[in-house]
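Following: one structure in structure tokens, then a few remarks.
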Amino acid sequence: MMLSTRHSLGLGTALLLLVSVSAAVHAEPSPAPALLLADIRPGSFFQAFQDGQQRYAAGDLRGAAEFYGEAIRRDPTRASAYLARAGVRHDLGDLEGAAADYTEAIRLEPDNRFAYDSRGDLHVEVGKLEAAADDYTVLIHLDPKDASAYENRAGVRRSLGDIAGAIADYTQMIRLDPSDPAGYQNRAKLYRQSGKVQLALADYAEVLRLEPSHLHALIERVEVRLFAGDKPGALADADRAVAVASKERSAWVARANARRAAGDKKGALADFDAALALGPNADVHIGRGELRFFLGDRPGAIEDYDVAIRLDPRGNGYHYRGFARFAMGDLKGALEDLNREVDLNPREAAAYLTRGQLHLRLRDSGQALADYERAIALQPSPAAFRLRALALAVRGEKDKAIADLKKAIDLYSGQGNTAQVQKLQAELKKIAAAIG
1 MMLSTRHSLG
11 LGTALLLLVS
21 VSAAVHAEPS
31 PAPALLLADI
41 RPGSFFQAFQ
51 DGQQRYAAGD
61 LRGAAEFYGE
71 AIRRDPTRAS
81 AYLARAGVRH
91 DLGDLEGAAA
101 DYTEAIRLEP
111 DNRFAYDSRG
121 DLHVEVGKLE
131 AAADDYTVLI
141 HLDPKDASAY
151 ENRAGVRRSL
161 GDIAGAIADY
171 TQMIRLDPSD
181 PAGYQNRAKL
191 YRQSGKVQLA
201 LADYAEVLRL
211 EPSHLHALIE
221 RVEVRLFAGD
231 KPGALADADR
241 AVAVASKERS
251 AWVARANARR
261 AAGDKKGALA
271 DFDAALALGP
281 NADVHIGRGE
291 LRFFLGDRPG
301 AIEDYDVAIR
311 LDPRGNGYHY
321 RGFARFAMGD
331 LKGALEDLNR
341 EVDLNPREAA
351 AYLTRGQLHL
361 RLRDSGQALA
371 DYERAIALQP
381 SPAAFRLRAL
391 ALAVRGEKDK
401 AIADLKKAID
411 LYSGQGNTAQ
421 VQKLQAELKK
431 IAAAIG
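Numbering-wise, full-length UniProt numbering puts 391 at position 391 of the sequence shown, and it's gapless, one number per residue.
Structure follows, in structure tokens:
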């Protein structure tokens with residue numbers, strides 16, 4: 001998850017501002033010149049703080065932390081020293097100490113936005129997402145017009161699975177800063193994830209209005225348009241992506257996928273070759289291998305999958321090679337590859353679905369059912385419910401099979417995938433007729 005940097009300041013600049021503000025807040029009423037003279041005498045808080053800044057600028061982080069600590073000992077009521085030491089402790093890898101310093105700064109200055117923002121970022125870094133969301137929420141209360149706070153909380157909410165909350169935050173970000181394409185792009189991803197294709201396309205259109213050469217928006221819109229069945233629109237976006245960034249591998253891959261969907265398999269293969277001409281890449285070898293497989297070049301597909309496995313032994317190469325071996329009749333080799341894939345990536349639902357089909361081919365419906373149930377627990381997709389329905393039907397559990405098919409139909413319907421809905425409705429009628 002990317003945090004916003006729209007209000008980032010250099011550490012030195014930020015801390016100079018903070019110490020000035022803190023001095024003004026905590027100073028006893030007195031003439032300004034007298035306060036300044038008192039504050040810069042040797043042994044003062046300011047002298048230790050300044051020494052800490054000088055050590056930090058020289059790259060001496062431990063020395064900086066010691067001087068900031070001395071500043072705190074001389075005057076423990078100033079949040080600026082805790083904030084400075086927190087930043088240094090973070091750079092030294094002492095994340096717990098940094099968090100403690102941010103917390104103390106907040107206790108001293110409950111309205112200090114920099115402290116909440118920094119502690120929120122730190123919570124994200126260590127995986128304390130709920131705590132991060134709480135800090136960003138306080139930040140929003142302190143300044144409801146801070147677009148970056150909404151952006152950061154949206155990212156945390158997305159990671160927590162609160163898609164509706166993340167969309168709401170990106171909407172607020174857009175309202176506050178409608179000229180920033182990031183808000184539209186991130187909201188488009190969430191709309192797509194929620195099956196709201198037209199809303200996603202509208203947001204991508206806005207991104208590209210603001211930044212016509214936005215490569216990632218073009219590539220992401222290719223994928224959405226393909227999902228929506230708009231093959232000409234997808235190909236047009238892919239052509240633009242290649243024109244914008246011919247040295248970017250992702251642009252060639254996007255056009256390869258668009259050409260393949262449009263039926264131009266040779267053009268797609270040429271684009272995969274162009275992508276690999278920019279350098280070896282496991283994912284591109286997998287993409288080209290998949291295309292070779294469906295073009296009938298199965299040895300070429302296996303060759304690409306072998307290379308992908310060498311380049312990224314923990315990637316998805318075993319899954320694709322296992323699928324190819326399965327289709328080629330090498331059931332033993334397929335099972336070895338799929339077992340390896342599941343061991344390496346136990347949270348990859350697709351591998352369980354493929355292995356489940358192999359188990360059915362091997363007439364082991366119990367193992368197939370176990371794989372489908374694991375896949376559904378990880379990702380309750382319509383394809384997973386459909387495959388489990390087939391395994392249940394083989395086992396004679398027709399009522400459960402019908403329930404799974406109905407669930408798959410509902411999910412496909414929610415996605416607007418009418419072709420799959422019609423296909424499953426026909427399967428449902430066959431099972432219902434067999435029961436009757």
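Don't be surprised by glycine CBs; every beta carbon is placed ideally from N, CA and C.
Just to check my reading of the structure: V207 and P181 have Cβ atoms closer than 8 Å, yes? What is that Cβ distance to the nearest angstrom?
Confirmed, about 4 Å.
Can you give me the Cβ contacts of F45 inside the same chain, cut-off strictly under 8 Å, excluding the 5 residues immediately before and after it?
Cβ within range, chain order: D39, A71, R74, D75, R78, A81.
Just tell me which of W252, R240, A261 has its CA closest to the CA of N281.
Answer by Cα proximity: W252.
If you reduce the DSSP assignment to three classes, tell me which class E373 lands in.
In this structure, E373 counts as helix in the three-state DSSP scheme.
Alpha carbon to alpha carbon, how far is K430 from Q420? Give it in angstroms, no decimals.
Roughly 16 Å separates the two Cα atoms.
Can you give me the Cβ contacts of R119 inside the same chain, cut-off strictly under 6 Å, excluding the 5 residues immediately before and after it?
Same-chain partners within the cutoff: Y102, D135.
Please report how far the alpha carbon of N417 lies from the alpha carbon of R388, in whole angstroms.
Going from the Cα of N417 to the Cα of R388 covers about 19 Å.
Helix, strand or coil for N417? Go by DSSP, reduced to three states.
Reduced to three states, the DSSP call for N417 is coil.
Evaluate contact between the stretch 385-405 and the stretch 354-374, counting only Cβ atoms and requiring at least three cross-stretch pairs below 8 Å.
Contact between the stretch 385-405 and the stretch 354-374 is present, because at least three Cβ pairs lie under 8 Å.
Apart from the five residues on each side of it in sequence, which residues of its chain come closer than 8 Å, Cβ to Cβ, to L295?
So the list reads K265, L269, once near-sequence residues are dropped.
At what residues does the alpha helix (DSSP H) containing G155 begin and finish?
Note, G155: alpha helix (DSSP H), 147-159.
In angstroms with no decimal places, state the Cα-to-Cα distance between A243 and R347.
Cα to Cα, A243 sits roughly 37 Å from R347.
With distance defined between alpha-carbon atoms, name the residue in G69, E248, G127, L142 nearest to F114.
Comparing Cα positions, the closest option is L142.
With DSSP run on the structure shown, which of helix, strand or coil describes R62?
Here R62 sits in helix by DSSP.
Are the Cβ atoms of D169 and Y150 separated by less than 8 Å?
Yes; because the gap between Cβ atoms is below 8 Å, this pair is in contact.
How many angstroms separate the CA atom of F227 from the CA atom of E303?
Looking at the two C-alpha atoms, the distance is approximately 29 Å.
Determine the direct distance from the alpha carbon of Y116 to that of Y68, and round the result to whole angstroms.
Answer to the nearest angstrom: the Cα atoms are 20 Å apart.
Taking the alpha helix (DSSP H) that L278 belongs to, which residues open and close that run?
It is not in any alpha helix (DSSP H) - L278 carries neither H nor E in the DSSP assignment.
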